[in-house]
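Visitor: Attaching a single structure in structure tokens format; questions to follow.
Residue numbers (UniProt numbering): 1 to 326.
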């Protein structure tokens, strides 16, 4: 029989904005459940750049992505939210006017209000055509634990920010790092590209991975370079394919919310057109929207406090300051 969980606030998306939403709800004395399709908290930061320094959060001059996520989770955990990770929110219904959300594993969450903080939605990696049989046996699209690449010959594939960031991060611990990009120009931030050029990482442009080879586990990569008749063979016991991601709102498109392409339209209370459903962070759309994490923190606080008043009209919209709390 499917499990049923009852909560005041259901937050869909356990990235930075969702975690701060859990703190905001807990501060108001509201119980919270966080759901995420990924098996861990942190959203894109944890999946894509846990070792990248983040500098655009107020009062945080610079902190690694994984450190930011850990701090946000510790902040949320003070109020003991329930985490339902590795499962997707699928359907939205109502019982006695309350939202009821069914998850991909059959779990049913009965909530007073729902707040969607799902970032760009569900994101799946663009696959590397060569060597898919080595997935999880040397080939990966995420690097949740960089230390696993210690003393390995690492091949990074791609020319965007993620590829360049991973090449720079892994060069410090790997035996060797080579970056292969199919073009001569990079999409990554210019300063990062210059740092890569100066780092000692071998860069092969105008090239593609033709094949991966190994006996059980990955051992070498064959690189086809434009204008050369024979492939170049590189030792590689790890390949990080950072080729970008395909984002998708998935089942959320069937929830009756007004959408603007791949974003959810909200009003000044961060409320969507679906009853008792709010949204915050990169997934939202309104005139003048600025997609920064720091903006998302303010949006989710707005959503939580408006949801609190909707649940109990006797409450004040203003939650008070944390310095006023015991």
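Glycine included, each C-beta is placed from N, C-alpha and C at the ideal position.
Being a predicted model, the structure only gives us computed values, none of them experimental.
Nearest-angstrom Cα distance between residue 214 and residue 220?
Guide: Against the chain shown, residue 214 aligns to sequence position 214. Against the chain shown, residue 220 aligns to sequence position 220. C-alpha separation (whole angstroms): 6 Å.
Visitor: Would a C-beta distance cut-off of 9 Å place residue 117 and residue 18 closer than the cut-off?
Guide: By one-based count along the chain shown, residue 117 stands at place 117. By one-based count along the chain shown, residue 18 stands at place 18. Yes, the pair counts as a contact, with Cβ atoms nearer than the cut-off.
Visitor: Might you give, ordered along the chain, the residues of its own chain that have their beta carbon closer than 6 Å to the beta carbon of residue 114, omitting 5 neighbours on each side?
Guide: Along the chain shown, one-based indexing puts residue 114 at 114. The answer, listed in chain order, is 10, 99, 277.
Visitor: Return the CA-CA distance between residue 167 and residue 185, expressed in angstroms with no decimal places.
Guide: Here residue 167 refers to the residue found at position 167 of the chain shown. Here residue 185 refers to the residue found at position 185 of the chain shown. Each residue's alpha carbon lies about 16 Å from the other.
Visitor: Return the chain-ordered list of same chain residues with a C-beta closer than 7 Å to the C-beta of residue 47, the five sequence neighbours on each side being excluded.
Guide: Your numbering for residue 47 matches position 47 in the chain shown. Cβ neighbours of residue 47 beyond the five flanking positions: 38, 142.
Visitor: Which one or two residues does DSSP pair with residue 271 in a beta bridge?
Guide: For the purposes of this step, residue 271 is taken as residue 271 along the chain shown, with counting starting at 1. In DSSP, residue 271 forms a bridge with 278.
Visitor: With the cut-off set at 9 Å, would you say residue 121 and residue 292 are in Cβ contact?
Guide: Translated into the one-based positions of the chain shown, residue 121 becomes position 121. Translated into the one-based positions of the chain shown, residue 292 becomes position 292. No.
Visitor: Less than 7 Å between C-beta atoms, sequence neighbours within five positions excluded: which residues of the same chain meet that for residue 233?
Guide: Locating residue 233 in the chain shown gives position 233, where the first residue counts as 1. These residues qualify, in order along the chain: 220, 222.
Visitor: Are any of the Cβ atoms in chain B nearer than 9 Å to that of residue 62?
Guide: You won't find chain B in this structure, because it holds only one protein chain.
Visitor: For residue 197, does the count of other Cβ atoms within 10 angstroms reach 16, so buried, or fall short, so exposed?
Guide: Reading the chain shown from its first residue, position 197 is the one you call residue 197. It is exposed - the Cβ of residue 197 has fewer than 16 other Cβ atoms within 10 Å.
Visitor: Which complete alpha helix (DSSP H) runs does the region 161 to 199 hold, if anything under 4 residues is left out?
Guide: Fully enclosed alpha helix (DSSP H) runs of 4 or longer: 161 to 170, 190 to 197.
Visitor: Can you check whether the CB of residue 45 is closer than 9 Å to the CB of residue 15?
Guide: On the chain shown, position 15 is the one that residue 15 refers to. On the chain shown, position 45 is the one that residue 45 refers to. Yes.
Visitor: Is DSSP giving residue 65 helix, strand or coil here?
Guide: Position 65 of the chain shown, counted from the start, is the residue given in the question as residue 65. DSSP places residue 65 in helix when its eight states are reduced to three.
Visitor: Are the region 252 to 269 and the region 145 to 163 touching by the rule of at least three beta carbon pairs closer than 8 Å?
Guide: In short, these stretches do not touch, since the Cβ pair count stays below three.
Visitor: Starting from residue 82, trace the beta strand (DSSP E) both ways and give me its first and last residue.
Guide: Your numbering for residue 82 matches position 82 in the chain shown. Note, residue 82: beta strand (DSSP E), 82 to 85.
Visitor: For the beta strand (DSSP E) containing residue 225, name the first residue and the last one.
Guide: Locating residue 225 in the chain shown gives position 225, counting from the first residue. Run containing residue 225: 217 to 225, per the beta strand (DSSP E) assignment.
Visitor: So, using beta-carbon positions, are residue 154 and residue 180 closer together than 9 Å?
Guide: Locating residue 154 in the chain shown gives position 154, counting from the first residue. Locating residue 180 in the chain shown gives position 180, counting from the first residue. Cβ atoms of residue 154 and residue 180: not closer than 9 Å.
Visitor: Taking C-beta to C-beta, are residue 237 and residue 263 nearer than 9 Å?
Guide: Locating residue 237 in the chain shown gives position 237, counting from the first residue. Locating residue 263 in the chain shown gives position 263, counting from the first residue. No, the Cβ-Cβ distance between residue 237 and residue 263 is not below 9 Å.
Visitor: Give the list of continuous beta strand (DSSP E) stretches no shorter than 3 residues that lie fully inside the region 68 to 120.
Guide: With a minimum length of 3 residues, the continuous beta strand (DSSP E) runs that stay inside the region 68 to 120 are 82 to 85, 89 to 95, 98 to 103, 108 to 116.
Visitor: For residue 171 versus residue 208, is the C-beta spacing smaller than 9 Å?
Guide: In the chain shown, counting from the first residue as 1, residue 171 sits at position 171. In the chain shown, counting from the first residue as 1, residue 208 sits at position 208. No. Outside cutoff.
Visitor: Quick one: what does DSSP say residue 260 is sitting in, helix, strand or coil?
Guide: By 1-based counting over the chain shown, the position of residue 260 is 260. It is a strand residue.
Visitor: List the endpoints of the continuous beta strand (DSSP E) containing residue 240.
Guide: Taking the chain shown and counting its residues from 1, one reaches residue 240 at position 240. First-last of the beta strand (DSSP E) with residue 240: 238 to 241.
Visitor: Tell me which residues share the same chain as residue 66 and place their Cβ nearer than 8 Å to its Cβ, disregarding the 5 neighbours each side in the sequence.
Guide: By 1-based counting over the chain shown, the position of residue 66 is 66. Contacts found: 42, 45, 46, 50, 51.
Visitor: Using a Cβ-Cβ cut-off of 6 Å (strictly less than) and excluding sequence neighbours within five positions of residue 111, which residues of its own chain qualify?
Guide: In the chain shown, the residue the question calls residue 111 occupies position 111. Excluding residues within five positions, the ones whose Cβ falls inside 6 Å are 7, 10, 99.
Visitor: Tell me the rounded alpha-carbon separation between residue 295 and residue 271.
Guide: By 1-based counting over the chain shown, the position of residue 295 is 295. By 1-based counting over the chain shown, the position of residue 271 is 271. Rounded to the nearest angstrom, the two C-alpha atoms are 16 Å apart.
Visitor: Confirm, please, whether the CB-CB distance from residue 319 to residue 28 is below 9 Å.
Guide: Walking along the chain shown from the start, residue 28 turns up at place 28. Walking along the chain shown from the start, residue 319 turns up at place 319. In this structure, residue 319 lies closer than 9 Å to residue 28 by Cβ.
Visitor: For the candidate residues 58, 5, 26, whose alpha-carbon lies nearest to that of residue 76?
Guide: Indexing the chain shown from 1 puts residue 76 at position 76. Cα-wise, what sits closest to residue 76 is 26.
Visitor: Please list, in chain order, all residues of the same chain as residue 231 whose beta carbon is under 7 Å from its beta carbon, the five residues on each side excluded.
Guide: As a position in the chain shown, residue 231 is number 231, starting the count at 1. Answer for residue 231: 210, 222, 223, 224, listed in chain order.
Visitor: Name the two residues that bound the continuous alpha helix (DSSP H) containing residue 302.
Guide: Here residue 302 is taken as the residue at index 302 of the chain shown, counted from 1. Note, residue 302: alpha helix (DSSP H), 293 to 311.
Visitor: According to DSSP, simplified to helix, strand and coil, what is residue 149?
Guide: Residue numbering aside, residue 149 sits at position 149 when the chain shown is read from its first letter. Helix at residue 149.
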